[in-house]
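S.K.: A single structure is presented below for examination.
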Amino acid sequence: MTDMPTADKTIDCREMQCPMPILKAKKEILKIKIGETLEVLSNDSGSKEDFPRWAKRTGNEFIGVFEDEDTHYFIKRLV
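Residues in the sequence shown are numbered consecutively from 1, following the working numbering.
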């Protein structure tokens with residue numbers, strides 16, 4: 001099992017339904033520096049497909065999804 005990355009900023013989007021996790025991530029990723037990592041906690045079933053597509057579309061890097069008692073999505077800001 002791969003270790004979970006370290007995030008520079010974490011946002012809690014649990015209990016939010018689509019499109020709110022993406023909209024919140026879009027706002028929050030602009031608050032971190034290029035090269036830093038945003039962690040999004042989300043239990044919305046659509047997030048597994050939404051976050052990789054969103055990261056690619058916006059020119060950022062989707063690092064991965066890690067699941068434990070929560071679901072963690074990691075995106076590195078590249079632009």
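We put the beta carbon where it would ideally sit given N, CA and C, even for glycine.
Taking the alpha-carbon positions, what's the Arg-14 to Gly-59 distance?
M.R.: Cα-Cα distance, rounded: 25 Å.
S.K.: Applying the criterion that 16 or more other CB atoms from any shown protein chain within 10 Å of the CB defines a buried residue, is Thr-10 buried or exposed?
M.R.: The residue is exposed, with fewer than 16 neighbouring Cβ atoms inside 10 Å.
S.K.: Tell me whether Glu-61 sits in a helix, a strand or coil according to DSSP, three-state version.
M.R.: In the structure shown, Glu-61 sits in a strand (DSSP, three-state: E or B).
S.K.: Leaving out the 5 sequence neighbours to the left and right, which residues in its chain are closer than 7 Å to Met-1 when beta-carbon positions are compared?
M.R.: Any answer about Met-1 is weak, because its pLDDT of 49 lies below 50 and its placement is not dependable; what the coordinates show is given next. The answer is none, since no qualifying residue turns up.
S.K.: May I have the straight-line CA-CA distance separating Ala-104 from Val-40, to the nearest angstrom?
M.R.: Nothing about residue 104 can be read from this structure; the chain reaches only from 1 to 79.
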